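Student: Line by line, the protein sequences give chains Y and X.
Position one of the first sequence corresponds to residue 0 (numbering that gives the first Met the number 0), numbered consecutively onward.
Position one of the second sequence corresponds to residue 0 (numbering that gives the first Met the number 0), numbered consecutively onward.
Beta carbons: idealized from backbone N, C-alpha and C, even for Gly.
Every value quoted in this text rests on a predicted model; they were computed, and no experiment measured them.
There are 2 protein chains.
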Amino acid sequence: MVTAEKPTRIQKVRREEILEAALEEFSRNGFKGASINKIAARAGMSTPRLLYHFEGKEALYRALLKSTLLRWLGPLELLKDAGDPVEEVCAYIRRKLEMSRAYPRESRLFAQEILLGVPLGKQEVFAPLREIFDAKIALLQRWMDEGRITRVDPHHLMYSIWATTQHYADFAPQIAELSPQKMPVLFEAAEAFLLPMYRRTLEVR
Amino acid sequence: MVTAEKPTRIQKVRREEILEAALEEFSRNGFKGASINKIAARAGMSTPRLLYHFEGKEALYRALLKSTLLRWLGPLELLKDAGDPVEEVCAYIRRKLEMSRAYPRESRLFAQEILLGVPLGKQEVFAPLREIFDAKIALLQRWMDEGRITRVDPHHLMYSIWATTQHYADFAPQIAELSPQKMPVLFEAAEAFLLPMYRRTLEVR
DNA sequence: CAGCATTTTTACCAATGGGTAAAAATTCAT
DNA sequence: ATGAATTTTTACCCATTGGTAAAAATGCTG
Chain Y
0 MVTAEKPTRI
10 QKVRREEILE
20 AALEEFSRNG
30 FKGASINKIA
40 ARAGMSTPRL
50 LYHFEGKEAL
60 YRALLKSTLL
70 RWLGPLELLK
80 DAGDPVEEVC
90 AYIRRKLEMS
100 RAYPRESRLF
110 AQEILLGVPL
120 GKQEVFAPLR
130 EIFDAKIALL
140 QRWMDEGRIT
150 RVDPHHLMYS
160 IWATTQHYAD
170 FAPQIAELSP
180 QKMPVLFEAA
190 EAFLLPMYRR
200 TLEVR
Chain X
0 MVTAEKPTRI
10 QKVRREEILE
20 AALEEFSRNG
30 FKGASINKIA
40 ARAGMSTPRL
50 LYHFEGKEAL
60 YRALLKSTLL
70 RWLGPLELLK
80 DAGDPVEEVC
90 AYIRRKLEMS
100 RAYPRESRLF
110 AQEILLGVPL
120 GKQEVFAPLR
130 EIFDAKIALL
140 QRWMDEGRIT
150 RVDPHHLMYS
160 IWATTQHYAD
170 FAPQIAELSP
180 QKMPVLFEAA
190 EAFLLPMYRR
200 TLEVR
């Protein structure tokens, strides 16, 4: 098994190959539904070879959560106090929607994890999330206190933004089935619906 | 194996016991993550005994989807042309939110299914959904044409309502982790946030 | 209560799952 | 180029899973 020392050149390459295959399989089948055999096959290697680079299925899954978390949290980190608060939130929503469009696998991976009650990744996911989340909630609260956006429950505002944007990644099959619009137009229409809704909700009148 | 004839008294009882256990296991672990052994154990019977009443794991899952679908679609069916359209939509949102609170397992079951690309239940879920969905979209469209609610994309309005309400069931662990509010207050606050948002979005000004 | 149909139990099984041990091959540092 | 360290392959193993066959028990009907 691989040592805990700094990764060698080969280890870095292999881990990347494995993580890519793992993202595909885990996001498509969930933790229990995915098998390390299939992940290994998708990465073009044998199971023992995969297990040389990751201690086991759960360790691989945790590593995957960890490696995708930054990208997943990226849009929220960029939400800061610069310019019009309403437009700041709108820009955040645009970024989240773009995430759903460009990286649906990552979204589904975390959706799975949370849906099944966060059996693993409690610290991998929630600990880093909490920190940044609390800070942004405080920012929203301040904007409300300053009268720059309408006073609403900031937690539920955030949940609502998450729900409406991630929905387009997590429930894509349903939307594809029910929507007359197809892929490029669909996301434009989603944005054209969501931004006015949040503007009306947040603009002080 | 059980015949295709009308179910006997015993069959009705057993199928109920099994479906209840299946709802618990499937909603908690997903299709692949759940095992008929554990479902049988939870229902207080042996695996062969379960398999006498349902043809197999997939058949059981399909039967479960079918038996839960009515309850899941219930709130939407009640959306009709009576009284103020804005308040009709608000009432729908309240019902959906109440569903998330009272029947989170059903919500998670369908969320799972859709998240994993609707591998099964394509006809069990989507066919009945389409029919009622299209009718309600037409209703929303008519309200807009009549100038009784603001003109927005009715599809995305519906997705948004689904997303924001089901979120409280499907992502409950995350919300529980991040929210200062606990169970009775949490849903009241959710409603207090969502209803004004949709009122502002839909009220004609 | 006899006899037939239904239901349940018992005893299995093949496939797949995650994982290991150790030999073989390859890479790396001197 | 050689010895040590790393990486990969080969050959396994055990637990769980979905599922079956047939006997045993139970329920139902005249």
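Under a CB-based cut-off of 7 Å, is Y51 of chain X close to chain Y?
Tutor: no
Student: Is it true that the segment 62–75 of chain X meets the segment 117–128 of chain X, where meeting means three or more beta-carbon pairs spaced less than 8 Å apart?
Tutor: By the Cβ test, the segment 62–75 of chain X is in contact with the segment 117–128 of chain X, since at least three Cβ pairs between them sit closer than 8 Å.
Student: How far does the alpha helix (DSSP H) with Q140 of chain X in it extend, from its first residue to its last?
Tutor: A126 to D144
Student: Is there a C-beta anywhere in chain X that falls below 7 Å from the one on A42 of chain Y?
Tutor: Chain X, which has no Cβ nearer than 7 Å to the Cβ of A42 of chain Y, makes this no.
Student: Is the beta carbon of M157 of chain X closer than 7 Å to that of R150 of chain X?
Tutor: no
Student: Specify the secondary structure class of I148 of chain X as computed by DSSP and reduced to three states.
Tutor: coil
Student: For the segment 159–184 of chain Y, which residues have a beta carbon sitting closer than 9 Å to at least one beta carbon of chain X?
Tutor: S159, W161, A162, T163, T164, Q165, H166, Y167, D169, F170, A171, P172, Q173, I174, E176, L177, S178, P179 and Q180
Student: State whether the segment 65–83 of chain Y contacts the segment 101–113 of chain Y, with contact taken as three or more CB pairs (one from each stretch) at a distance under 8 Å.
Tutor: Three or more beta-carbon pairs drawn from the segment 65–83 of chain Y and the segment 101–113 of chain Y are found closer than 8 Å, and the two stretches are therefore classed as touching.
Student: Which residues of chain X have a Cβ atom closer than 7 Å to the Cβ of F125 of chain Y, listed in chain order?
Tutor: Ordered by position in chain X, the residues that pass the 7 Å Cβ test against F125 of chain Y are E176.
Student: Can you check which of these residues, Y:F132, Y:I35 and Y:V85, is closest to E24 of chain Y by C-alpha distance?
Tutor: When the alpha-carbon of E24 of chain Y is set against those of Y:F132, Y:I35 and Y:V85, the nearest one is in Y:I35.
Student: When you compare the CB of S132 of chain Y with every CB in chain X, is at least one pair closer than 7 Å?
Tutor: According to the sequence as given, residue 132 of chain Y is Phe; it is not Ser. Chain X contact via Cβ: present.
Student: Would you mind telling me which residues of chain X sit closer than 8 Å to T200 of chain Y, beta carbon to beta carbon, in chain order?
Tutor: P195, M196, R199 and T200
Student: Specify the secondary structure class of Q180 of chain Y as computed by DSSP and reduced to three states.
Tutor: coil
Student: Distance, Cα to Cα, E87 of chain X vs K79 of chain X?
Tutor: 7 Å
Student: State yes or no: is the beta carbon of R107 of chain Y nearer than 7 Å to at least one beta carbon in chain X?
Tutor: yes
Student: With distance defined between alpha-carbon atoms, name the residue in X:I92, X:I160 and X:F30 nearest to L193 of chain Y.
Tutor: That would be X:I160, whose Cα lies nearest to the Cα of L193 of chain Y.
Student: Could you tell me the distance, in whole angstroms, from the CA atom of V85 of chain X to the CA atom of P127 of chain Y?
Tutor: 40 Å
Student: Compute the Euclidean distance between the alpha carbons of K95 of chain Y and E54 of chain Y, then round it to the nearest angstrom.
Tutor: 33 Å
Student: Which residues, taken in chain order from the segment 18–31 of chain Y, show a beta carbon closer than 8 Å to some beta carbon of chain X?
Tutor: R27, N28, G29, F30 and K31
Student: Quick check: the Cα distance between A42 of chain Y and V12 of chain X, rounded to an integer number of angstroms?
Tutor: 48 Å
Student: Would you say V117 of chain Y reaches chain X, if we count a Cβ-Cβ gap shorter than 7 Å as a contact?
Tutor: yes
Student: Could you round the C-beta distance between I113 of chain Y and Y197 of chain Y to whole angstroms and report it? I think they count as a contact, below 8 Å.
Tutor: About 23 Å; that fails the 8 Å criterion.
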